[in-house]
Amino acid sequence: MRSPVGVAYTRTAIVLHWLSGLLILCGFALGLWMVREPIAPATLRAYGYHKWIGITVFLVAVLRLAWRWRHPAPQAVAMPEWQQRAAALTHAVLYGLMLAIPLSGWLYSSATGIQVVYLGLVPLPDLVAKDKALAAALKAVHLTLNFSMLAVVFIHAGAALKHHFADRDGVLLRMLPRLARRSGESRP
Amino acid sequence: MKTFRSFIPPLAAMLMAASGGIAAQNVLIDKSEIRFVSKQMGVNVEGRFRKWKANMDFRPKELAKSKAEFEIELASIDLASEDSESEVRRTLWFDTAKYPVAKFASTGMKDLGGDRYEIAGTLTIKGTSKGIVVPVALGKDAAGNSVAEGQFTVKRLDFRIGEGLWADTDTVANEVQVRVRMVLPAVK
Numbered sequence: 003m004r005s006p007v008g009v010a011y012t013r014t015a016i017v018l019h020w021l022s023g024l025l026i027l028c029g030f031a032l033g034l035w036m037v038r039e040p041i042a043p044a045t046l047r048a049y050g051y052h053k054w055i056g057i058t059v060f061l062v063a064v065l066r067l068a069w070r071w072r073h074p075a076p077q078a079v080a081m082p083e084w085q086q087r088a089a090a091l092t093h094a095v096l097y098g099l100m101l102a103i104p105l106s107g108w109l110y111s112s113a114t115g116i117q118v119v120y121l122g123l124v125p126l127p128d129l130v131a132k133d134k135a136l137a138a139a140l141k142a143v144h145l146t147l148n149f150s151m152l153a154v155v156f157i158h159a160g161a162a163l164k165h166h167f168a169d170r171d172g173v174l175l176r177m178l179p180r181l182a183r184r185s186g187e188s189r190p
Numbered sequence: 021m022k023t024f025r026s027f028i029p030p031l032a033a034m035l036m037a038a039s040g041g042i043a044a045q046n047v048l049i050d051k052s053e054i055r056f057v058s059k060q061m062g063v064n065v066e067g068r069f070r071k072w073k074a075n076m077d078f079r080p081k082e083l084a085k086s087k088a089e090f091e092i093e094l095a096s097i098d099l100a101s102e103d104s105e106s107e108v109r110r111t112l113w114f115d116t117a118k119y120p121v122a123k124f125a126s127t128g129m130k131d132l133g134g135d136r137y138e139i140a141g142t143l144t145i146k147g148t149s150k151g152i153v154v155p156v157a158l159g160k161d162a163a164g165n166s167v168a169e170g171q172f173t174v175k176r177l178d179f180r181i182g183e184g185l186w187a188d189t190d191t192v193a194n195e196v197q198v199r200v201r202m203v204l205p206a207v208k
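Chains as they are written, first to last, in our numbering: chain U, 3 to 190; chain H, 21 to 208.
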């Protein structure tokens with residue numbers, strides 16, 4: 003069930019892409035919610051889930067990079083060169099953030115003296131010792147990286163929508179082959 | 021000798037020493053500690069109490085005359101964040117406004133051999149008293165002081181620590197490991 007080479011991403015790449023998107027959205031929303039809530043069991047649970055989601059985002063990003071190394075992205079759709087470059091840069095930044103944000107959260111948790119136990123089962127090592135000043139700095143780093151991610155995701159999704167609705171060039175359909183099949187655009 | 025040594029004015033202590041009474045040993049507060057580990061979302065979270073008083077008169081050869089008494093200022097709790105520190109001072113947890121102090125008073129000691137002892141006593145927290153038995157190992161530090169280390173488990177719900185919405189033990193486990201390390205001038 004592979005899509006023709008050069009037209010769409012592989013099914014694995016597509017599944018992992020949308021999984022990343024979903025996890026990032028949930029992790030981000032949960033993070034925004036939990037830091038505003040007073041401490042309660044639901045908040046503590048949210049912190050736990052938020053960390054598990056973040057570690058999963060990291061693992062999925064590593065998996066995606068490994069997959070992409072063996073299965074290059076499909077041929078670029080015709081577009082101005084500056085757009086090609088901007089797209090490549092945006093993707094590189096997104097990958098960087100998918101790795102850096104979970105790491106900064108893990109570091110922040112370590113600095114507050116709370117170990118991260120993935121899914122409540124796998125204890126991850128503390129990356130730094132408990133340190134209040136460091137924790138405050140890492141919190142700022144974690145927040146800044148997250149709002150950068152928000153901005154880059156807007157660019158990423160905005161560009162995809164622009165290609166789909168304004169340019170009608172099939173860029174978005176490379177990540178949505180089912181939609182392409184239904185409309186018959188990418189099939190010969 | 022029912023009162024704590026630290027509460028006795030120096031003159032009274034001198035009088036007692038002069039009259040043949042044996043003054044309690046001075047616990048070396050800076051080297052001693054009362055720590056605990058609670059489990060939140062499967063994560064061991066460590067804490068300690070910054071302020072406490074001890075009255076120890078530990079004589080391995082005269083266990084019947086020995087005693088160990090503690091008073092812990094619950095509001096002096098040291099946790100991962102100030103938010104959680106102020107939360108556990110509230111009514112649902114320690115209710116430190118109403119019950120500022122937790123107490124332990126030994127009722128009997130047993131020699132288990134090989135520098136191991138068992139101290140039975142009454143633990144009072146938040147208006148509830150329960151009998152507990154603490155296994156204690158006696159050793160020495162590099163400076164030649166005696167070091168008594170004991171560990172026991174408190175079921176927080178026995179003392180109504182974390183009531184109402186916090187009574188759910190899936191988020192914060194019922195069992196809390198308490199670790200006491202007392203350093204005293206060498207005991208005989």
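Cβ atoms here follow ideal geometry from the backbone N, Cα and C, with glycine treated the same way.
Quick check: the Cα distance between glutamate 75(H) and glycine 56(U), rounded to an integer number of angstroms?
Start at 1 with the first residue of the second sequence, and residue 75(H) comes out as number 55. Start at 1 with the first residue of the first sequence, and residue 56(U) comes out as number 54. First, the amino acid is wrong: residue 75(H) is asparagine here, not glutamate. Computed Cα separation, rounded: 48 Å.
Of all the CB atoms in chain U, is at least one closer than 8 Å to the CB of valine 63(H)?
For the purposes of this step, residue 63(H) is identified with residue 43 of the second sequence, where counting begins at 1. By this cut-off, valine 63(H) is an interface position.
For leucine 114(U), count neighbouring Cβ atoms within 10 angstroms of its own Cβ and tell me buried if that reaches 16, exposed if not.
Counting from 1 along the first sequence, the entry for residue 114(U) is found at position 112. Per the sequence shown, the amino acid found at residue 114(U) is threonine instead of leucine. Under this definition threonine 114(U) is a buried residue.
Ordered along the chain, which non-local residues of its own chain (more than five positions away) have a Cβ less than 7 Å from that of isoleucine 97(H)?
Here residue 97(H) refers to the residue found at position 77 of the second sequence. Taken in chain order, the residues that qualify are Gly67, Phe69, Glu105, Val108.
From the DSSP output, which residues share a beta bridge with proline 125(U)?
Here residue 125(U) refers to the residue found at position 123 of the first sequence. Looking at the DSSP assignment, proline 125(U) forms a beta bridge with Val119(U).
What separation, rounded to the nearest whole angstrom, lies between the Cα atoms of alanine 43(H) and glutamate 138(H)?
Position 23 of the second sequence, counted from the first residue, corresponds to residue 43(H). Position 118 of the second sequence, counted from the first residue, corresponds to residue 138(H). Confidence at alanine 43(H) is low in this model, with a pLDDT of 45, below 50, so the placement of that residue should be treated as unreliable; the coordinate-derived value is given next. The alpha-carbon atoms of alanine 43(H) and glutamate 138(H) are separated by roughly 23 Å.
Alpha carbon of leucine 140(U) to alpha carbon of valine 192(H), nearest angstrom:
Counting from one through the first sequence, the residue named residue 140(U) turns up at place 138. Counting from one through the second sequence, the residue named residue 192(H) turns up at place 172. Looking at the two C-alpha atoms, the distance is approximately 26 Å.
Helix, strand or coil: which one does DSSP assign to tryptophan 72(H)?
Here residue 72(H) is taken as the residue at index 52 of the second sequence, counted from 1. Looking at tryptophan 72(H) - three-state DSSP - the assignment turns out to be strand.
Please compile the residues from chain H whose C-beta is within a distance smaller than 7 Å of the C-beta of alanine 42(U).
For this step, residue 42(U) is matched to residue 40 along the first sequence. Result: Leu185.
Whole angstroms are fine: how far does the CA of alanine 168(U) sit from the CA of tryptophan 84(U)?
Here the question's residue 84(U) lines up with position 82 in the first sequence. Here the question's residue 168(U) lines up with position 166 in the first sequence. Those two C-alpha atoms are separated by around 17 Å.
Nearest to aspartate 135(H) (by Cα), restricted to the options Ser126(H), Lys146(H), Pro155(H):
By 1-based counting over the second sequence, the position of residue 135(H) is 115. For aspartate 135(H), the nearest C-alpha among the options comes from Pro155(H).
Since leucine 67(U) contacts alanine 102(U) with CB under 8 Å, what's their CB separation in whole angstroms?
In the first sequence, the residue the question calls residue 67(U) occupies position 65. In the first sequence, the residue the question calls residue 102(U) occupies position 100. With a Cβ gap of about 13 Å, leucine 67(U) and alanine 102(U) do not count as contacting.
On the DSSP bridge list, what partners appear for threonine 144(H)?
In the second sequence, the residue the question calls residue 144(H) occupies position 124. DSSP, once it has assigned bridges, lists Lys123(H), Ser149(H) as partnering threonine 144(H).
If you reduce the DSSP assignment to three classes, tell me which class glycine 56(U) lands in.
If you number the first sequence from 1, residue 56(U) lands on position 54. In this structure, glycine 56(U) counts as helix in the three-state DSSP scheme.
Mind checking glycine 41(H): buried by the 16 CB within 10 Å criterion, or exposed?
Position 21 of the second sequence, counting from 1, holds the residue named residue 41(H). Confidence at glycine 41(H) is low in this model, with a pLDDT of 35, below 50, so the placement of that residue should be treated as unreliable; the coordinate-derived value is given next. Exposed, since its Cβ has fewer than 16 Cβ neighbours within 10 Å.
Closer than 8 Å, CB to CB, is threonine 146(U) near chain H or not?
Taking the first sequence and counting its residues from 1, one reaches residue 146(U) at position 144. No, no contact with chain H.
List the residues of chain U that serine 104(H) touches, going by C-beta distances under 8 Å, in chain order.
The residue given as residue 104(H) occupies position 84 in the second sequence. By Cβ distance, chain U contributes Ile41.
Can you pull the chain U neighbours of glutamate 66(H), defined as C-beta to C-beta under 7 Å?
Along the second sequence, read from residue 1 onward, the residue named residue 66(H) stands at position 46. Gly115, listed in chain order.
Alpha-carbon spacing of alanine 206(H) relative to lysine 81(H), whole angstroms
Against the second sequence, residue 206(H) aligns to sequence position 186. Against the second sequence, residue 81(H) aligns to sequence position 61. For alanine 206(H) and lysine 81(H), the distance between alpha carbons rounds to 13 Å.
Determine, for glutamate 107(H), whether the minimum Cβ-Cβ distance to residues of chain U falls below 8 Å.
Position 87 of the second sequence, counted from the first residue, corresponds to residue 107(H). Yes, glutamate 107(H) lies at the interface with chain U (some Cβ there is under 8 Å from its Cβ).
Would you report the Cα separation of valine 9(U) and alanine 153(U), rounded to the nearest angstrom?
Here residue 9(U) corresponds to residue number 7 of the first sequence, with the count starting at 1. Here residue 153(U) corresponds to residue number 151 of the first sequence, with the count starting at 1. Roughly 28 Å separates the two Cα atoms.
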